[in-house]
Amino acid sequence: MIEIEGLSKLYGRDVFALEDFSMHVGKGEFVFLTGPSGAGKSTLLRILLCQEAPTTGRVIVGGRDITRLKPREVQTYRRTVGFVFQDFKLIPGKTVFENVMFALRILGVPDVQQRRRTFQVLKWVGLQHRANAYPLELSGGEQQRVAIARALVNEPALVLADEPTGNLDPDLALEIMNLFREINSTGTTVLVATHDRELIRHVGHRAVTLDHGRLAIG
Ligand SMILES: Nc1ncnc2c1ncn2[C@@H]1O[C@H](COP(=O)(O)OP(=O)(O)OP(=O)(O)O)[C@@H](O)[C@H]1O
Ligand SMILES: [Mg+2]
Numbered sequence: 000m001i002e003i004e005g006l007s008k009l010y011g012r013d014v015f016a017l018e019d020f021s022m023h024v025g026k027g028e029f030v031f032l033t034g035p036s037g038a039g040k041s042t043l044l045r046i047l048l049c050q051e052a053p054t055t056g057r058v059i060v061g062g063r064d065i066t067r068l069k070p071r072e073v074q075t076y077r078r079t080v081g082f083v084f085q086d087f088k089l090i091p092g093k094t095v096f097e098n099v100m101f102a103l104r105i106l107g108v109p110d111v112q113q114r115r116r117t118f119q120v121l122k123w124v125g126l127q128h129r130a131n132a133y134p135l136e137l138s139g140g141e142q143q144r145v146a147i148a149r150a151l152v153n154e155p156a157l158v159l160a161d162e163p164t165g166n167l168d169p170d171l172a173l174e175i176m177n178l179f180r181e182i183n184s185t186g187t188t189v190l191v192a193t194h195d196r197e198l199i200r201h202v203g204h205r206a207v208t209l210d211h212g213r214l215a216i217g
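In numbering that gives the first Met the number 0, the protein residues as written are 0 to 217.
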């Protein structure tokens with residue numbers, strides 16, 4: 000699913016966020032990215048989402064080199080990726096339901112299907128009873144679950160998450176992680192960046208450790 004070869008990302012003149020980094024992730028795999036602060040985890044996820052271009056290296060996702068996509072192709076590619084980043088911007092003026100359904104609307108999914116699928120996914124994250132609430136009326140963990148629902152509503156082949164359980168208590172973190180495991184069990188490839196060694200131990204999937212932009216343990 001993902002083949003990264005000799006990936007480097009240089010910021011400014013001398014900050015290598017990633018340096019000659021390589022890794023492979025199989026289709027349907029669940030992989031944690033870990034390592035100390037500043038190791039390059041978020042940079043790697045941003046490159047995988049085409050939010051940032053690498054300095055050198057190859058990044059193949061689903062057989063295509065995503066570093067060579069034209070702007071229009073980037074848009075199409077992003078629609079196949081679900082992402083949950085730390086600054087999960089929910090739209091404050093839209094309800095929970097509208098926030099999630101919006102992801103389908105921009106894809107041009109027929110109206111009836113939009114509603115059905117939005118109900119399904121909100122039920123799945125346990126928030127159907129909050130469908131008409133606004134994001135600011137929700138707790139942090141509930142907002143995080145809405146962001147996950149939004150990322151998954153169009154059934155992406157690949158899910159990228161950057162510290163999706165940051166700021167959550169351990170029980171809630173585990174609950175959120177179980178949602179990712181459930182998605183993974185349907186064949187979706189999942190890549191989750193986290194500092195939380197305890198969580199990784201508990202979940203028990205493969206963990207790739209970065210250190211100063213390099214692969215430390217893979
Ligand atoms: N836009 C940027 N401009 C300059 N340097 C950057 C930029 N983004 C990241 N860096 C640097 O690149 C390195 C890797 O950062 P990155 O955010 O990828 O680390 P991280 O592993 O996600 O850290 P954390 O666990 O704290 O989130 C750091 O040294 C950081 O300061
Ligand atoms: Mg980070």
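From the three backbone atoms N, C-alpha and C, an ideal C-beta is built for every residue, glycine too.
Where the alpha helix (DSSP H) containing residue i begins and where it ends
| i | result |
| --- | --- |
| R115 | D110 to W123 |
| A156 | First-last for A156: undefined, no H or E at that position. |
| T42 | K40 to L47 |
| R200 | R196 to V202 |
DSSP bridge partner residues for residue i (one or two, in chain order)
| i | result |
| --- | --- |
| T33 | T208 |
| M176 | Answer is none; M176 lacks a bridge partner. |
| E4 | R57 |
| D64 | I59 |
| F15 | L9 |
| G81 | V158 |
| F87 | Answer by DSSP bridge pairing: none, since F87 is not bridged. |
| H23 | E2 |
Test item: CB-CB of residue i and residue j under 8 Å
| i | j | result |
| --- | --- | --- |
| V191 | V152 | no |
| M0 | G217 | no |
| V120 | A156 | no |
| Q127 | F118 | yes |
| L106 | R78 | yes |
| L159 | F20 | no |
| Q142 | L198 | no |
| A146 | F96 | no |
| T66 | L9 | no |
| L167 | G125 | no |
| K93 | L209 | no |
Start-to-end residues for the beta strand (DSSP E) that takes in residue i
| i | result |
| --- | --- |
| L190 | T188 to A192 |
| L214 | R213 to I216 |
| K102 | The sequence shown places Ala at residue 102, not Lys. Note, A102: premise wrong, no beta strand (DSSP E); alpha helix (DSSP H) at V95 to R104. |
Any contact between the stretch 152-164 and the stretch 178-192? By contact I mean 3 or more CB pairs, one from each, below 8 Å. Taking a contact to require three or more Cβ pairs closer than 8 Å, the stretch 152-164 and the stretch 178-192 qualify as touching.
Strictly closer than 7 Å from CB to any heavy atom of ligand 2: give me those residues in the order they appear in the chain. Listed along the chain, these residues meet the criterion: K40, S41, D161, E162 and A192.
Stretch pair the stretch 184-198 + the stretch 27-37: three plus CB contacts closer than 8 Å: Three or more Cβ pairs closer than 8 Å define a contact, and the stretch 184-198 meets that threshold against the stretch 27-37.
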